[in-house]
Amino acid sequence: AISNTVKGIVLKCSLSGTNVTVSGITDYNGQTVFDLTLPVCDGVCKPLAITSVGTTFKNNLLMTELYLPDTITTIASQALDQWGLDNGNESRLTKLRLPNTITSLTSYNFRGMRKLVDCENLLPKSMTTLSESVFSYWSSVTNDIHFYEAFRTFGGKNPFPYGWTNVKRVYFHGQPADP
Numbered sequence: 091a092i093s094n095t096v097k098g099i100v101l102k103c104s105l106s107g108t109n110v111t112v113s114g115i116t117d118y119n120g121q122t123v124f125d126l127t128l129p130v131c132d133g134v135c136k137p138l139a140i141t142s143v144g145t146t147f148k149n150n151l152l153m154t155e156l157y158l159p160d161t162i163t164t165i166a167s168q169a170l171d172q173w174g175l176d177n178g179n180e181s182r183l184t185k186l187r188l189p190n191t192i193t194s195l196t197s198y199n200f201r202g203m204r205k206l207v208d209c210e211n212l213l214p215k216s217m218t219t220l221s222e223s224v225f226s227y228w229s230s231v232t233n234d235i236h237f238y239e240a241f242r243t244f245g246g247k248n249p250f251p252y253g254w255t256n257v258k259r260v261y262f263h264g265q266p267a268d269p
């Protein structure tokens, strides 16, 4: 197992050299704040870099804050999808930090985060593509939305359907790509 050295969360991961893919959580140790930007090491304290996240946090009722490091380049489809919660349960996630390095987000990555209020790096400067319903049902987010020069494509249907009632402003920086 690989552990987050500060918070004591034990992650289920796969390794390729010093690159880590997080695929599950073995032990929460009572934590609700998941800060993956903190140092991650193997059993002999060798530093590792989290480069991708699987569906680790899908339908998670415990997490209130999630911070993803800039070493992440891949976030799996439905990685943080909260839509499958049932029996009146809702995600408790109120804060989310996306990596500056991510270039695309796939379908339903972050669907159903109704209590999310603050999202740092909502659309990082490196973002080029958003797929269908990436951010659907985010009714509490108040961040301004910025599309930067690198952005090129809306893949599929609207990435922002349903519930974006509290967003005040949308900005487009630079020239849009030719169709």
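FYI, the numbering for the sequence shown is 91 to 269, going by my numbering.
All residues carry an ideal CB built from backbone N, CA and C; glycine is no exception.
Remember, predicted model here, so these are calculated numbers, not experimental data.
- Closest by C-alpha distance to GLY144, out of SER221, THR111 and PHE262, is THR111.
- Taking all protein chains shown into account, THR255 has fewer than 16 neighbouring C-beta atoms within 10 Å of its C-beta and is therefore exposed.
- Contact between MET217 and PHE200 does not hold, since their C-beta atoms are separated by about 13 Å, which reaches or exceeds 8 Å.
- Of VAL134, GLY120 and THR161, the smallest CA-CA separation from THR141 is found for THR161.
- Selection SER221, CYS103, GLY202 and LEU183 evaluated against THR122 yields LEU183 as nearest (Cα-Cα).
- Runs of the alpha helix (DSSP H) lying entirely within the stretch 115 to 141, each at least 4 residues long, are absent.
- Residue pairing by DSSP places ASN109 opposite SER106 and ALA139 in a beta bridge.
- ILE162 carries a coil assignment under DSSP once its states are collapsed to helix, strand and coil.
- Contact between VAL260 and THR232 is absent: CB atoms are separated by about 13 Å, not below the 8 Å threshold.
- For GLY202, the CB contacts under 6 Å within the same chain, skipping 5 residues up- and downstream, are GLN172, TRP173 and TYR227 in chain order.
- Rounded to whole angstroms, PHE237 and THR193 show a C-alpha spacing of 12 Å.
- Under the three-state reduction of DSSP output, LYS215 falls in the coil class, being neither helix nor strand.
- Linking TYR157 to ASN190 through their CA atoms gives a straight-line distance of about 11 Å.
- For LYS258, DSSP assigns no beta-bridge partner whatsoever.
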